[in-house]
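Data first, discussion second: the structure below is written as structure tokens.
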Amino acid sequence: MIAADLGALAAEVAREAGELARRRRSEGVALAATKSTIADIVTEADREVEHLIRERVRAERPDDGFLGEETGAERSSSGCTWVVDPIDGTVNYAYGIPGYSVSIAVVEGEPDPERWQGVAAAVCAPALGELFTAVRGEGAWLDGTRLAVTTETPAGALLGTGFGYDPSTHDGDLATVRRAMAMARDVRRMGSAAIDLAYLAAGRLDGFFERGLKPWDFAAGALLVEEAGGAVTRLDPSAARPMLVAGGPEIHRRLCELISDRRG
Ligand code: IPD
Numbered sequence: 000m001i002a003a004d005l006g007a008l009a010a011e012v013a014r015e016a017g018e019l020a021r022r023r024r025s026e027g028v029a030l031a032a033t034k035s036t037i038a039d040i041v042t043e044a045d046r047e048v049e050h051l052i053r054e055r056v057r058a059e060r061p062d063d064g065f066l067g068e069e070t071g072a073e074r075s076s077s078g079c080t081w082v083v084d085p086i087d088g089t090v091n092y093a094y095g096i097p098g099y100s101v102s103i104a105v106v107e108g109e110p111d112p113e114r115w116q117g118v119a120a121a122v123c124a125p126a127l128g129e130l131f132t133a134v135r136g137e138g139a140w141l142d143g144t145r146l147a148v149t150t151e152t153p154a155g156a157l158l159g160t161g162f163g164y165d166p167s168t169h170d171g172d173l174a175t176v177r178r179a180m181a182m183a184r185d186v187r188r189m190g191s192a193a194i195d196l197a198y199l200a201a202g203r204l205d206g207f208f209e210r211g212l213k214p215w216d217f218a219a220g221a222l223l224v225e226e227a228g229g230a231v232t233r234l235d236p237s238a239a240r241p242m243l244v245a246g247g248p249e250i251h252r253r254l255c256e257l258i259s260d261r262r263g
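Per numbering that gives the first Met the number 0: the sequence shown = residues 0 to 263.
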């Protein structure tokens, strides 16, 4: 299957999964469990949506691997792996805030973000009515419009970020925000890293940084940003909470510099 076909399948499955998530949200949210901390929740819908995606992929691409937030990893014998967050922005979802998304990436190579290469991506935000897609070498798109990251930020950069669920990490994350403010016009914390990265690809944010994201939070969004002309780096990939930095080339360079400078 060529990359464009994988992209079409990812988009179709993301749209279907998004519709299921939206429908379940309108019926009410049932909390299924907490994960790393009490603030880190999983809903029944997270599980059901991941199940739908896994079954759809298995039916169409039985040899592909799978790496999902809720159901874990299954190795690939085809060289392709589907990296899936069924509901990114689960806390928004639980509170009834529309900023949640289904994030699906197809990657090639080892199932490790330092070694894989993104092939296709789809981020569906069903309550916002938007589906962002990308195919390696063919650009990033939103409803027929080709996306491009911003390059000029004369009034300073509009930056997106996020915080982990573990309260003991908040001071460090806030110190990073303070360093990044040197280049910011303002900061947004929207609650879904996949949407943050999709917005960056669409020029709705100028830069993004967050420590401790999991591969399924950023795999699809990273390809969207790269295909929109931006750069994405994990500054310290072997750390317990690697720092993801993304932006247009110049904004990405300045953000990396500011964030790595531990003096401030
Ligand atoms: C979370 C979201 C959030 C980010 C957290 C992630 P989840 O993913 O992407 O924006 O700040 O770090 O864990 O738990 O909703 O899938």
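We put the CB at the ideal spot given by N, CA and C, even for glycine. In this text the structure is predicted, and so the values were computed from the model without any measurement.
Sequence-distant Cβ neighbours of VAL176 in its own chain, meaning closer than 7 Å and more than five residues away, are THR160, VAL186.
As a beta-bridge residue in DSSP terms, MET242 pairs with ARG210.
For a cut-off of 8 Å, the C-beta gap from ALA121 to PRO97 is around 18 Å, too long to register as a contact. For ARG24, the three-state secondary structure derived from DSSP is helix.
Take the alpha-carbon of ALA200 and the one of ALA219: they are about 11 Å apart.
Under the criterion of beta carbons closer than 8 Å, PHE207 and ALA147 do not qualify as touching, at roughly 16 Å.
In the DSSP assignment, GLU43 falls within the alpha helix (DSSP H) that extends over 43 to 59.
ILE103: not part of any alpha helix (DSSP H); member of the beta strand (DSSP E) spanning 100 to 107, first to last residue.
Residue side-chain check: ALA192 places its Cβ nearer than 7 Å to a non-hydrogen atom of the ligand IPD. Proximity of the segment 232 to 240 to the segment 131 to 145 falls short of the contact definition, fewer than three beta-carbon pairs being nearer than 8 Å.
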